[in-house]
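See structure below.
Rendered as structure tokens:
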């Protein structure tokens with residue numbers, strides 16, 4: 291009888307302490323699997339799946355991934371976050387991957403006190419004033435600064451032109467950061483022109499720019515717009531080097547842009563050649579084995595986002611969302627696939643950036659720039 295009572299007491303204590311003895315814990319994944327930036331979602335999802343294969347259980351409990359397609363749409367992202375929280379009872383969310391969608395989903399998670407970790411939304415506003423929104427990527431001010439350093443020091447550029455998407459917070463943030471940093475480095479921005487999300491004809495803006503003299507063209511957009519701009523710029527005789535941000539890093543950039551994107555440089559989060567941590571090398575090995583290709587940065591970021599959440603649950607010793615949130619906030623020097631990650635007081639990742647360039651139709655590593 292005493293033994294039975296002891297077992298009952300153990301079970302009661304275990305459940306009251308929040309320790310799971312059986313079943314699974316739900317983690318939401320909110321990615322664009324269809325729509326304008328579906329390529330981003332597919333890449334990030336491949337990384338999350340690899341991380342889940344490597345760590346399918348936490349604290350003896352199976353982690354169940356629940357994928358929701360945000361359809362590359364802000365409203366769908368907000369609705370998707372709500373469904374994951376209300377219907378699926380997730381304890382954390384990985385995603386979305388873009389700034390606009392994370393700005394839409396973040397407040398939903400914030401209100402519900404559910405931690406959300408975006409792999410790749412880089413605009414500074416994403417985490418500003420939030421306690422439950424985090425990221426494993428660097429932020430736009432740093433990315434813009436890195437692009438400016440590359441333009442001024444590596445390309446020896448003195449004058450720059452900037453063409454950006456006025457309706458995309460990501461693009462606007464990068465453009466402003468580049469301009470400020472380039473000017474601090476002694477350069478001049480002689481062209482400052484915008485376009486609208488969804489535009490496909492940029493000849494008017496590029497014709498205006500072609501009347502000016504500049505050494506580099508900074509185009510912080512997404513892969514479709516970047517590719518079309520590169521093609522139309524070359525057709526108009528603009529031959530200067532083009533630099534973009536991490537939004538350009540998708541195979542579709544080369545498929546759409548062809549020879550026009552040869553030499554295009556971009557700031558990004560990961561390069562296979564720069565994988566320095568044991569987890570980074572493991573990620574590369576797993577990706578190559580399963581997907582038979584070069585691992586893209588978004589896959590590595592998706593991998594890291596899941597691993598940071600799993601590590602936080604382990605350190606929290608609990609599946610309580612508030613405790614998981616606190617553990618994510620205290621992440622220090624986590625050795626992820628994309629490098630060593632520390633989450634600062636604003637929920638942002640402090641880490642290095644990578645410069646890559648399109649060469650012979652492939653993304654190749656150029657250099658690493660530290661914060």
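In my numbering, the protein residues as written are 291 to 661. Cβ coordinates follow ideal geometry from the N, Cα and C atoms, glycine included.
Residue(s) in a DSSP beta bridge with residue i
{"i": "residue 534", "result": "556"}
{"i": "residue 347", "result": "352"}
{"i": "residue 321", "result": "359"}
{"i": "residue 645", "result": "557 and 657"}
{"i": "residue 624", "result": "631"}
{"i": "residue 413", "result": "DSSP output for residue 413 lists no bridge partner at all."}
{"i": "residue 508", "result": "452 and 533"}
{"i": "residue 316", "result": "354"}
Status (buried if at least 16 other CB within 10 Å, exposed otherwise) for residue i
{"i": "residue 653", "result": "buried"}
{"i": "residue 559", "result": "buried"}
{"i": "residue 463", "result": "buried"}
{"i": "residue 366", "result": "buried"}
{"i": "residue 456", "result": "exposed"}
{"i": "residue 491", "result": "exposed"}
{"i": "residue 650", "result": "exposed"}
{"i": "residue 579", "result": "exposed"}
{"i": "residue 660", "result": "exposed"}
{"i": "residue 493", "result": "exposed"}
{"i": "residue 539", "result": "buried"}
{"i": "residue 553", "result": "exposed"}
{"i": "residue 575", "result": "exposed"}
{"i": "residue 377", "result": "exposed"}
{"i": "residue 645", "result": "buried"}
{"i": "residue 392", "result": "buried"}
{"i": "residue 437", "result": "buried"}
{"i": "residue 498", "result": "exposed"}
{"i": "residue 525", "result": "exposed"}
{"i": "residue 563", "result": "exposed"}
{"i": "residue 623", "result": "exposed"}
{"i": "residue 461", "result": "buried"}
{"i": "residue 441", "result": "buried"}
{"i": "residue 333", "result": "buried"}
{"i": "residue 425", "result": "buried"}
{"i": "residue 478", "result": "exposed"}
{"i": "residue 433", "result": "buried"}
Three-state secondary structure assigned by DSSP to residue i
{"i": "residue 482", "result": "strand"}
{"i": "residue 453", "result": "strand"}
{"i": "residue 425", "result": "strand"}
{"i": "residue 501", "result": "coil"}
{"i": "residue 652", "result": "strand"}
{"i": "residue 369", "result": "helix"}
{"i": "residue 608", "result": "coil"}
{"i": "residue 566", "result": "coil"}
{"i": "residue 406", "result": "strand"}
{"i": "residue 616", "result": "helix"}
{"i": "residue 639", "result": "strand"}
{"i": "residue 311", "result": "With a pLDDT of 41 at residue 311, under the threshold of 50, the modelled position of that residue is not reliable, and the figure given next carries that caveat. Looking at residue 311 - three-state DSSP - the assignment turns out to be coil, as it is neither helix nor strand."}
{"i": "residue 602", "result": "helix"}
{"i": "residue 584", "result": "coil"}
{"i": "residue 327", "result": "coil"}
{"i": "residue 594", "result": "helix"}
{"i": "residue 487", "result": "coil"}
{"i": "residue 375", "result": "helix"}
{"i": "residue 447", "result": "coil"}
{"i": "residue 337", "result": "helix"}
{"i": "residue 573", "result": "helix"}
{"i": "residue 364", "result": "helix"}
{"i": "residue 418", "result": "coil"}
Range covered by the alpha helix (DSSP H) that runs through residue i
{"i": "residue 546", "result": "541-547"}
{"i": "residue 395", "result": "389-402"}
{"i": "residue 514", "result": "513-525"}
{"i": "residue 463", "result": "459-474"}
{"i": "residue 436", "result": "430-439"}
Proximity test, residue i beta-carbon vs the ligand MG heavy atom, cut-off 7 angstroms
{"i": "residue 432", "result": "Among the components of this structure there are no ligands whatsoever, and the ligand MG is therefore not found."}
Segment limits, beta strand (DSSP E) that includes residue i
{"i": "residue 384", "result": "382-384"}
Residue-chain proximity (residue i, chain B), Cβ-Cβ < 8 angstroms
{"i": "residue 317", "result": "Absent from the structure: chain B. Only one protein chain is present."}
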